[in-house]
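>
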Amino acid sequence: MDLGRVTHVSQVITVCQDIADTLDNGGRMDAIIVDFSKAFDLVPHGRLLVKIANSGLEARVVEWIKQFLTGRTQRVRVGGVLSDEVGVLSGIPQGSVLGPLLFLAYVNDIGRNIESTIRLFADDCVIYRQILTNEDMTKLQRDVDRLGKWAVKNSMKINPSKRRCALRGIG
Numbered sequence: 021m022d023l024g025r026v027t028h029v030s031q032v033i034t035v036c037q038d039i040a041d042t043l044d045n046g047g048r049m050d051a052i053i054v055d056f057s058k059a060f061d062l063v064p065h066g067r068l069l070v071k072i073a074n075s076g077l078e079a080r081v082v083e084w085i086k087q088f089l090t091g092r093t094q095r096v097r098v099g100g101v102l103s104d105e106v107g108v109l110s111g112i113p114q115g116s117v118l119g120p121l122l123f124l125a126y127v128n129d130i131g132r133n134i135e136s137t138i139r140l141f142a143d144d145c146v147i148y149r150q151i152l153t154n155e156d157m158t159k160l161q162r163d164v165d166r167l168g169k170w171a172v173k174n175s176m177k178i179n180p181s182k183r184r185c186a187l188r189g190i191g
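For what it's worth, the numbering used here labels the leading residue of the sequence shown as 21, then goes sequentially.
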C-alpha cells in the first residue's frame, strides 16, 4: 500500500468531515485551495538540510541525506544532442522512497503561526475556517497572507491558474 496515497485519502476525509460537521450545525466554512507549482523541483537543498538538522535528527542521518542530495547532475537531450552536465542544487528526487518524506520535512513548518486549519496534499494545500463573524474572515485572510509569505520565504511558487476559492458563503 502506498503511504502517500493513504495520507492523501486521510487528509481528504478529514477536510470533508470538518466541512460536513460545520454545515450540519448550520455553519459556514470558507476554504482556499492552493497548488504549489513544481514544488518538488524548487526545494533548495541547503535550506532543506537546515530544516532537517533543526528537527533534531541525528547528525549522521542529516549527513546521509546530504550525501543523497549532493553531487547530482543533469543534462538534456534535444534531438540527438546532449547538453553539458550541470549540478543540481535544488529539487527532491522523485520516484525515490525518500522523496515524499524529504518534501514533508521541508514543508512541515507551513502551519506555524496560522490559526486556521491547514491540510497538506503533497504539493497542494487547503486552508479553511468556520466563519461565524467578520473577525473570522479577517483571521482567514491574515492566514492566507502568512501562507503567501511562507511560500516566498521557502522558494515555493503558488500556481495562480490552479488557485481556487471554495465553499465561500456556503451555509
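Idealized CB from N, CA, C, for every residue including glycine.
With a threshold of 8 Å, are at least 3 pairs of Cβ atoms found where one atom belongs to the stretch 117 to 132 and the other to the stretch 37 to 44?
Because the criterion of three Cβ pairs below 8 Å is not met, the stretch 117 to 132 and the stretch 37 to 44 do not touch.
> Might you give, ordered along the chain, the residues of its own chain that have their beta carbon closer than 6 Å to the beta carbon of residue 160, omitting 5 neighbours on each side?
These residues qualify, in order along the chain: 50, 136, 149.
> Does the Cβ of residue 92 have 16 or more other Cβ atoms within 10 Å, making it buried, or fewer, making it exposed?
Exposed: under 16 other Cβ atoms inside 10 Å.
> Contact between the stretch 61 to 76 and the stretch 104 to 114: three or more CB pairs below 8 Å?
Contact between the stretch 61 to 76 and the stretch 104 to 114 is present, because at least three Cβ pairs lie under 8 Å.
> Applying the criterion that 16 or more other CB atoms from any shown protein chain within 10 Å of the CB defines a buried residue, is residue 209 buried or exposed?
Coverage of the chain is limited to positions 21 through 191, which leaves residue 209 absent and any answer about it impossible.
> What does DSSP give as the partner residues of residue 180 in its beta bridges?
DSSP output for residue 180 lists no bridge partner at all.
> Alpha carbon to alpha carbon, how far is residue 56 from residue 43?
If I take the Cα positions, the gap works out to 28 Å.
> Classify residue 79 as buried or exposed, calling it buried when 16 or more other Cβ atoms lie within 10 Å of its own Cβ.
By the 10 Å Cβ count, residue 79 comes out exposed.
> Which partner residues does residue 150 have in the DSSP bridge list?
Per DSSP, 49.
> What is the DSSP secondary structure of residue 26, reduced to helix, strand or coil?
Low confidence applies here, because residue 26 scores a pLDDT of 45, under 50, leaving its location unreliable; read the following figure in that light. Three-state result, residue 26: helix.
> My guess is that residue 203 and residue 134 are in contact by the Cβ rule of under 8 Å, so how many angstroms apart are they, rounded?
With the chain running from 21 to 191 in the structure shown, residue 203 is simply not present.
> By the three-class DSSP mapping on this structure, what secondary structure does residue 120 have?
Looking at residue 120 - three-state DSSP - the assignment turns out to be helix.
> In the DSSP assignment, find the beta strand (DSSP E) that holds residue 138 and state where it starts and stops.
Taken as a continuous stretch (DSSP letters only), the beta strand (DSSP E) holding residue 138 covers 137 to 141.
> Less than 7 Å between the C-beta atoms of residue 70 and residue 178, yes or no?
For residue 70 and residue 178, no; Cβs fall outside 7 Å.
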